[in-house]
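Everything on this sheet refers to the single structure shown next.
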Amino acid sequence: MKDIGKKLISENSFSAVMMGNHALVRAFIESGVRVLTSYPGSPTPEITEALNTLPKEENPIYFEFSVNEKVATEVAFGASINGNLSCVFFKSVGLNVAADSFVQLSLMELIGGMVIILGDDPGANSSQNEQDNRHFALMSYIPVFEPDSPSEAYAMFKEAAKLSQENRMPVILRLSTHICHAKERIDFESYQKNTLAYKTEFNPDNGPYIPITSLVFPLKRKALQKLTSVKKYSENNPFNKIINHFNNQRGIICSGLTYLSLMDIMPDLNQKPDVLKMGLCYPIPESLIIDFLNKHQEVKILEELDDIYETQIKAIAYDHQLKVRIIGKNDLTDWENEYTPDKVLEILTKTWPDISHPKADLESQEKDLWPVKDRPAQLCPGCGHRSAFYAIKKALNENDISVADIGCHTLGFLPPYQIGQVLLCMGHSNGTAAGLSLFNTQRKVISFLGDSTFFHAGIPGIINAIFNKHKHTLIIMENGTTAMTGHQEHPATGKNFNEITEKIPLRQVLEGLGVTHIWEVDTYQQDKLTLAVKEALSEDMFNVVIAKHPCMLKFTRELRRKGNSTPKPVKIGTKCNLSYKCLSEFACPSYQIKENGEVWVQTDLCIGDGSCKQTCPSLAIESQIKE
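If you're matching positions, the sequence shown starts at 11 in our numbering and goes up one per residue.
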């Protein structure tokens, strides 16, 4: 959308097709959010993309990328107890990092209000698991809104902010990947620009804010009382919806995107069940559920991932001795993946075989669909990580152990590199490598860490390696950005979201921590990098190799924005002896094979960086001279 920033900040109402993440920025503005924090992670980065389009002189929101999700939560918390409506957002597994602070929030009097946006990831589209963060909500006594679409995400955020301010409590807006990235026409409301300054109203008398010993119990009681008041709201919140097909035999209870998937297939069902769609997934509307259960002989609980609804609803039915058959998850597949329309139809057919069309009809429909080829994840053309893996592999013995971490370099586990055999979470690599190196006299251990992850969660593992004299080699993959989530800045880049700031150089941090043996090598200097890793592995101590090269995707984009051209693609010369090392060992996606076996360069992919030239034993890869 043209001039999206001017639209988002406009006081007038308007209608526009907008991505869910972008629409949230308008919700922030209308709600009066003053402080917004985050650590980048899919599916939520596009929120900042829209935020960055706002005219700086009119932007009412202070925003920062904090060094990790825990710190981001704490900054938002501090702003809230100072009287400012705050919001923090991050991806699903980010809550694991923030958990130590997050679980305390409901005990506090958040006088300004605070909304936590969680980007959950059913289907594990960009995460290492499918964790269901509704569990955290139950454990922490925090209400959860669950929208089904971008328009509802916009509306629910405003409602969540209002509820949070009225009750001085944290509220969660739980999104999923498709709600974040889907586009929809949304009717945005008007608002009046708030000219009030940021508030500085912290007063310890609003607390107490010290949850220790005997003070914990009254604070917990207060949190439970607030949750009780939200239960009343849950019964009548504007997002509850009943779709009545006058079917007293069968009903379905669902929420969020699952509801839309159900509505998508509803016209094709032979029997249309009644539907109860809930707006809050915690606390659930007990009276509304009891009434719905009483009106049906069988009720199917349709929910992605874990059985949060199912457990609660079955407990309600038991407590009230309701004579209704409640059907939850049938088998293990019901616990996995996104509830797309196809999957919802499959689940309902397993539950009620007579509800859908015969299988033959479905198969005939599927034949009409275009087949979609699998496209495996891969490193970009020119990526410094590819050069690094090619060089590092030469330094390793076949039985040496390599530990991956989170970032673009995670893809090193794929053929042909097959480097990074273990992955747990952000910043784990040094701790895991330390454990693997214990008593391991025959096999060398290396760990990987991205430069952004270094600041996020990598430093404690480094400190531990020095403190306890562990013996492994850390390779820091420094590409100068938080690449995988959209090229956000980090503390070593010399710029934050808002302005130029002090660089915090990796090497100086390492030296300050006590690392005595450090090598710095450009990954395009492959022989030099191989030698550095060999030297590091020969030492019986913890040491660090910084393998550095700018992210070429970011670099070439910046060149184009400045009006500069990138180098011409490489070409295959007459010296090619068909060894295929450019494909089998270096694996740049620019290289393709013709039917006759000849190698050719797909020029629309090649960026002309030339890092591949040194991998060719026949020196057949040539740079084209720039015009």
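The beta-carbon is built from N, C-alpha and C at its ideal position, and this holds for glycine as well.
Straight through space, the alpha carbons of cysteine 598 and aspartate 284 are spaced by roughly 53 Å. Shortest Cα-Cα distance from tyrosine 208 to any of Gly122, Asp274, Val226 involves Gly122.
By the neighbour-count criterion, in which a residue is buried when 16 or more other Cβ atoms sit within 10 angstroms of its Cβ, asparagine 587 is exposed.
A direct Cα-to-Cα measurement between asparagine 553 and glutamate 605 gives close to 47 Å. At a Cβ-Cβ threshold of 7 Å, arginine 453 and aspartate 415 do not count as neighbours. Boundaries cannot be given for glutamine 307, as no beta strand (DSSP E) includes it and DSSP labels it neither H nor E. Burial state of serine 239 is exposed, judged by a 10 Å Cβ sphere holding fewer than 16 other Cβ atoms. Counting the other CB atoms within 10 Å of its CB gives phenylalanine 227 a total below 16, which places it among the exposed residues.
Between isoleucine 39 and proline 65, the alpha-carbon positions lie close to 13 Å from each other. Every alpha helix (DSSP H) stretch that sits fully inside the stretch 459-490 and reaches 4 residues is listed by chain position as 469-477. Collapsing the DSSP output to three states places alanine 109 in a helix.
Taking one beta carbon from each stretch, the stretch 468-476 and the stretch 520-534 have 3 or more pairs nearer than 8 Å; the two touch.
Rounded to the nearest angstrom, the Cβ distance from tyrosine 49 to histidine 419 is 18 Å, too far for a contact under 8 Å. A distance below 6 Å between beta-carbons, with the five flanking residues on each side excluded, links asparagine 347 to the following residues of its chain, in chain order: Gly133. Here serine 271 is buried: its Cβ has 16 or more other Cβ atoms, across all protein chains shown, within 10 Å. Secondary structure at glutamine 498: strand, using DSSP grouped into helix, strand and coil. In terms of Cα proximity to lysine 581, the closest of Glu74, Val609, Ser150, Asn574 is Val609.
A distance below 7 Å separates the beta carbons of leucine 117 and proline 221.
Excluding five sequence positions before and after alanine 327, the CB atoms of its chain that fall closer than 7 Å to its own CB belong to Leu303, Val334, Ile336, given in chain order. Between the stretch 250-262 and the stretch 141-155, the count of C-beta pairs closer than 8 Å stays below three; the two stretches do not touch. Annotated as distal: isoleucine 486 and leucine 448, with beta-carbon spacing of 7 Å or more. In the three-state reduction of the DSSP assignment, alanine 443 falls in the helix class, which pools H, G and I. Cα atoms of threonine 451 and histidine 482: separation of roughly 11 Å, rounded to the nearest angstrom. Secondary structure within the stretch 48-110: the beta strand (DSSP E) runs of 3 or more consecutive residues, fully enclosed, are 72-75, 96-101 (chain order). A distance below 7 Å between beta-carbons, with the five flanking residues on each side excluded, links glutamine 536 to the following residues of its chain, in chain order: Ser397, Tyr400, Ala401, Gln624. CA-CA distance, phenylalanine 167 to lysine 564, rounds to 32 Å. Counting only residues of its own chain and dropping the five nearest sequence neighbours on each side, lysine 310 has a CB closer than 6 Å to the CB of Ile262, Ile337, Thr361.
Residue environment for asparagine 139: exposed (fewer than 16 other C-beta atoms within 10 angstroms of its C-beta). Closest option to isoleucine 631, judged by alpha-carbon separation, among Lys287, His497, Gly583: Gly583. Shown here for lysine 505: same chain residues with a beta carbon closer than 7 Å to its own, the five before and five after excluded, namely Glu499, Thr511 in chain order. In the displayed model, asparagine 553 falls within a strand according to three-state DSSP. Taken through DSSP and simplified to helix, strand or coil, phenylalanine 256 comes out as coil.
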